[in-house]
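To convert a position in the sequence shown, counted from 1, into my numbering, add 1. Glycine included, every Cβ here is placed at the ideal spot set by N, Cα and C. Since we're looking at a predicted model, the values are computed, not measured. What follows is a single structure, written as structure tokens, with notes after it.
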Amino acid sequence: MDEITHDASTRARVLELIISLGPVSSTELAGRLDLTTAGIRRHIAALEHEGLITEHEPAGGLQPRRGRPARHYIATAAGRARLTSTYSDLATAALDFLARTAGPEAVADFASARVRNLEARYAPVVSAAGSDLAGRAEALAGALTADGYAATVRGVGDVTLQLCQGHCPVLDVAQAFPQLCEAELQAFARLLGVHVQRLATLAQGEHVCTTHIPVRPRIPEGTP
């Protein structure tokens with residue numbers, strides 16, 4: 002592999018990690034890719050120049066009190082678009098036609114049918130993780146990632162997990178038809194056996210879809 006091809010491949014991997022893990026620092030990226038700090042910064046600079054990533058400002062402007070704060074990066078809309086399906090325009094047009102000819106209920110029915118298909122494929126994977134909620138969430142994140150959602154699970158204190166999706170293959174469609182997001186959330190609740198809540202979505206302009214998962218409630222026996 003020549004140097005140009007190798008750089009392009011590494012840069013694509015950096016972008017994928019920023020999409021799935023962001024906000025993420027250059028130090029963490031370097032560790033995951035076994036690169037030097039100087040090497041990862043070169044790729045970050047190139048991605049910033051292309052408008053594919055940007056520096057993340059913490060909520061409320063909070064910064065460490067001492068020392069130089071580490072920079073963290075997230076993907077821009079253009080960066081996420083690198084992974085977006087080329088069929089988005091066609092799918093949006095088809096759902097728009099469905100909504101106009103059969104009504105909004107038909108779109109909701111379509112969204113439910115779509116996620117039921119995903120749910121049927123994910124259920125055995127999640128079930129195999131046992132009754133531990135964190136394990137089930139990790140299994141769900143793995144299944145989502147395999148389908149292109151760049152999903153991770155993050156702990157927040159002792160009583161909360163967050164399922165984060167850094168990419169959405171149907172983002173353009175979901176922005177026009179939020180029924181897709183609503184049906185997906187209901188599927189997550191059924192798969193995990195607890196009530197879950199969306200805190201943020203890519204469709205609403207956030208850098209990641211974040212789903213709140215309470216840890217304390219136990220999963221009822223017999224949950225698939």
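- Excluding the 5 residues flanking it on each side, residue 202 has same chain C-beta neighbours closer than 7 Å at 182 and 210, in chain order.
- Residue environment: residue 9 is assigned as exposed (fewer than 16 neighbouring CB atoms within 10 Å of its CB, all protein chains considered).
- Under the rule that a run must span 4 or more residues, the alpha helix (DSSP H) segments found entirely inside the stretch 74–105 read 78–82 and 89–103.
- In this structure the stretch 129–137 lies against the stretch 185–200, because at least three pairs of beta carbons, one per stretch, are closer than 8 Å.
- Linking residue 92 to residue 98 through their CA atoms gives a straight-line distance of about 10 Å.
- The three-state reading of DSSP puts residue 23 in coil, since its state is none of H, G, I, E or B.
- Using a C-beta cut-off of 8 Å, the stretch 69–82 makes no contact with the stretch 154–165, since fewer than three inter-stretch Cβ pairs fall below that distance.
- The DSSP-derived three-state label of residue 38 is helix.
- Inter-residue distance for residue 11 and residue 151 is about 17 Å (C-alpha atoms, whole angstroms).
- The stretch 34–51 makes no contact with the stretch 168–180; the number of CB pairs closer than 8 Å stays below 3.
- A distance below 8 Å between beta-carbons, with the five flanking residues on each side excluded, links residue 130 to the following residues of its chain, in chain order: 136, 137, 139 and 140.
- Residue pairing by DSSP places residue 213 opposite 163 and 198 in a beta bridge.
- Residue 188 counts as buried, since no fewer than 16 other beta carbons sit within 10 angstroms of its beta carbon.
- With a threshold of 16 other beta carbon atoms within 10 Å, residue 106 falls short and is exposed.
- The alpha-carbon of residue 108 is positioned some 18 Å away from that of residue 120.
- With respect to the 8 Å criterion, residue 77 and residue 102 are not classified as neighbours on the basis of their beta carbons.
- For residue 207, same chain residues with a beta-carbon under 7 Å away, outside a window of 5 residues either side, are 201 in chain order.
- Secondary structure at residue 183: helix, using DSSP grouped into helix, strand and coil.
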